[in-house]
Every structure is written in structure tokens, then in C-alpha cells.
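Numbering that gives the first Met the number 0 numbers the first residue of the sequence shown as 0 and each following residue consecutively. Ideal Cβ placement from N, Cα and C applies to all residues, glycine included. This one's a predicted model, so the numbers in the text were calculated from it and none came from an experiment. Here the structure is laid out as C-alpha cells; the discussion comes afterwards.
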Amino acid sequence: MTRQLDAPPYPRSPSPGLDLRRAVDAALTVLIDPLPPAAADTLADNLLGALARTAATGDTCQVLPAADAVGTARRHLRARRPDAARAALVAARDHLDRR
Numbered sequence: 000m001t002r003q004l005d006a007p008p009y010p011r012s013p014s015p016g017l018d019l020r021r022a023v024d025a026a027l028t029v030l031i032d033p034l035p036p037a038a039a040d041t042l043a044d045n046l047l048g049a050l051a052r053t054a055a056t057g058d059t060c061q062v063l064p065a066a067d068a069v070g071t072a073r074r075h076l077r078a079r080r081p082d083a084a085r086a087a088l089v090a091a092r093d094h095l096d097r098r
């Protein structure tokens, strides 16, 4: 009998970090310079939500470097450093693309 952990994933199951990937892509499309403070706060909140959903699905351990980069991007957004946030989000997307 196969243990549940050893079973292959179901066809069409979402890839690990899918919600995080969508949030990163959405953030990169709206991250412009200069970014209004309210927009930066909203963007940081959206990224936090994606991190929370990623953790809730148990995917964080599989996409940890990307999750760390998104956390870094959030800190840069809160500190009003959009260029550094963009660089962190690009790094997160690169990690997610390797998955």
C-alpha cells in the first residue's frame, strides 16, 4: 500500500508557489517609479497576503528563496525604496521560474 506522502500529485494540481508567482507578476506590472505611498502600502499588503496563502497551502518550504525575496521586497516597499523592491521581486520570480 502506498503512503499518502509517496503518492504522485494529482494531474493539474497547482504548482508550488502559484499564488506567490501571480502576486509577484502582478506587483512587477504595477511597480513604477515614483510609486505613491498608498500604492506601495497596498502592494506590500497584497504580497503579504500571497505569502500567507502560500504558507497556508504548505508551499513555503518548496519556494523558500522566493518567499524570502518577497519578504525583502515588502520591507523595501514599506521603506519607500521601489527600485530595491523591484530587484527583490525579480529575484523572487527567478527562483519561482526554477521550480
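Item	Value
Alpha helix (DSSP H) containing Arg73: first to last residue?	Leu63 to Arg77
Name the two residues that bound the continuous alpha helix (DSSP H) containing Gly48.	Pro36 to Ala55
Would DSSP call Arg97 helix, strand or coil?	coil
What number of angstroms, rounded off, separates the C-alpha of Arg158 from the C-alpha of Asn45?	No statement about residue 158 is possible, as the shown extent of the chain runs from 0 to 98 and does not include it.
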